[in-house]
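Position one of the sequence shown corresponds to residue 1 (UniProt numbering), numbered consecutively onward. Here the structure is laid out as structure tokens; the discussion comes afterwards.
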Amino acid sequence: MEERDQQNGKGASIGAIRQQSILSLIDQGHIVSVGDFAKRFSVANETIRRDIRALEEAGKLRRVHGGAVPTRTFDVTARRPLTERMEVDREGKMLAAKAAMALLEDDMHVFLGVSSTMLLVAEEIARSDKKLSVTTNSIDIGLTVAASTRCTVNLLGGVIHHRSRALDGYEVLSNFEGRLFDLSLLGASAISPVYGALAPSKEHQVIGAAAADRSHQVAFVVDHAKFNRRDAQVVRRLEEFDFLATDKAPPTELADALVNAGVTIFLPPTKEGAVAPAASDEGNN
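Right, dumping it as structure tokens:
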């Protein structure tokens with residue numbers, strides 16, 4: 001069928017439809033699988049590879065092993081297992097975690113979301129003298145904070161996700177009922193001046209939003225590699241959260257959008273121990 005379509009002139013239009021479908025999906029944050037699309041359109045894998053090559057040459061996507069992702073703005077790292085993500089941009093994540101510590105005060109009830117950066121925040125909390133009540137749906141984060149005798153840990157029950165070692169599903173959402181937090185510290189796969197704080201999946205979005213809805217204040221903790229990216233799900237618009245803790249000052253466009261939305265930016269402590277002021281950094285693109 002594919003060969004006959006090309007011979008009678010239909011191949012070009014069918015190819016355009018396939019390519020538009022590929023772009024539509026990856027614009028939502030999906031990783032496009034060559035095999036899945038070959039089955040969907042009843043064509044050979046090589047036909048899909050040619051479509052992907054054509055789109056890459058046009059600057060519309062970037063090839064990765066087995067498929068394609070959007071150009072520049074999309075970070076495939078958020079789809080990797082937690083153990084792999086821990087080593088990506090680790091220095092920036094560690095500095096962002098240190099910046100977040102300025103938000104914590106003794107006797108706070110805090111929710112910690114699931115991300116590699118949040119695990120580093122948990123390590124900072126365990127090393128500190130902070131006295132906190134911490135709630136989380138992450139097994140690793142719960143165990144890490146529990147190493148501190150000054151903190152109490154509440155682990156929300158649910159179904160264990162094998163990649164993130166997080167607990168999700170209906171049980172987690174039902175366990176939010178009746179809970180209130182002074183502060184939610186959440187991770188994000190992207191921070192956009194247009195869309196706000198983004199996540200890679202509906203599961204991340206739903207749980208992050210549930211925690212934020214029950215919090216007096218909300219902070220996102222990310223390294224600068226997340227600036228001006230996009231992803232699949234909006235967790236919070238810029239005007240819907242209070243703080244951004246990060247390792248470097250955002251570039252001008254994002255910094256202006258954050259300030260206009262009323263978001264306070266926290267940077268790591270200086271050598272003198274003070275929290276560094278957040279000035280925009282044109283070099284962070």
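No residue lacks a Cβ here, since even glycine has one placed at the ideal position from N, Cα and C. This one's a predicted model, so the numbers in the text were calculated from it and none came from an experiment.
- Here the segment 138-154 does not lie against the segment 205-217, with fewer than 3 beta-carbon pairs under 8 Å apart.
- Nearest to ARG53 by C-alpha distance, out of VAL221, PRO269, SER42, GLY15, is GLY15.
- Residue environment analysis places THR47 among the buried positions, since at least 16 neighbouring C-beta atoms fall within 10 angstroms of its C-beta.
- Comparing alpha-carbon positions, the option among GLY35, ILE22, ASP129 lying closest to THR149 turns out to be ASP129.
- According to the DSSP assignment, THR117 belongs to the alpha helix (DSSP H) that extends over 116-127.
- Going by DSSP, MET108 is part of the beta strand (DSSP E) stretching over 108-112.
- The beta carbon of SER115 lies closer than 6 Å to those of GLY187 in the same chain, with the five residues before and after it left out.
- Between VAL221 and ALA100, the C-beta gap is smaller than 7 Å, which places the two residues in contact.
- Annotation for GLU253: PRO193, ASN228 place their beta carbon closer than 8 Å to its own, counting only its chain and skipping 5 residues before and after.
- Between ALA96 and ASP247, the CB-CB gap stays under 7 Å.
- Per DSSP, the unbroken alpha helix (DSSP H) holding THR47 starts and ends at 45-57.
- When DSSP states are grouped into helix, strand and coil, ASN137 belongs to the coil group.
- Our two residues, LYS202 and SER42, have alpha carbons roughly 29 Å apart in a direct line.
- Counting only residues of its own chain and dropping the five nearest sequence neighbours on each side, THR264 has a CB closer than 6 Å to the CB of PHE243.
- Rounded to whole angstroms, the separation of the alpha carbons of ALA122 and ALA209 is 20 Å.
- The Cβ atoms of VAL235 and ALA199 lie closer than 7 Å to each other.
- Within its own chain, the residues whose Cβ lies closer than 7 Å to the Cβ of ALA257, once the five positions on either side in sequence are excluded, are PRO193, LEU238, listed in chain order.
- Per the DSSP secondary-structure output, ASN154 pairs in a beta bridge with THR135.
- Here ILE207 is buried: its Cβ has 16 or more other Cβ atoms, across all protein chains shown, within 10 Å.
- Pairing ARG50 with LEU25, the inter-Cα distance amounts to about 17 Å.
- Comparing alpha carbon positions, the residue from ASP182, THR135, THR270 closest to ALA166 is THR135.
- Short of 7 Å from the beta carbon of ASP168, and not among the five residues preceding or following it, lie these beta carbons of its own chain, in chain order: ASN137, GLY158, VAL159, HIS161, GLU203, ILE207.
- Membership of HIS216 in the beta strand (DSSP E) is indicated by the continuous run 215-221.
- Of the candidates PHE181, ASN260, GLU56, PHE37, PHE181 places its Cα closest to the Cα of GLY113.
- Going by C-alpha positions, SER164 is about 14 Å away from SER189.
- Among the bridge pairs identified by DSSP, THR264 is matched with PHE243.
- Our two residues, ARG179 and ARG90, have alpha carbons roughly 32 Å apart in a direct line.
- The shortest C-alpha to C-alpha distance from SER174 to any of LYS131, ALA211, MET94 is the one to ALA211.
- Of the residues assessed, ILE22 falls on the buried side of the cut-off, its CB having 16 or more other CB atoms within 10 angstroms.
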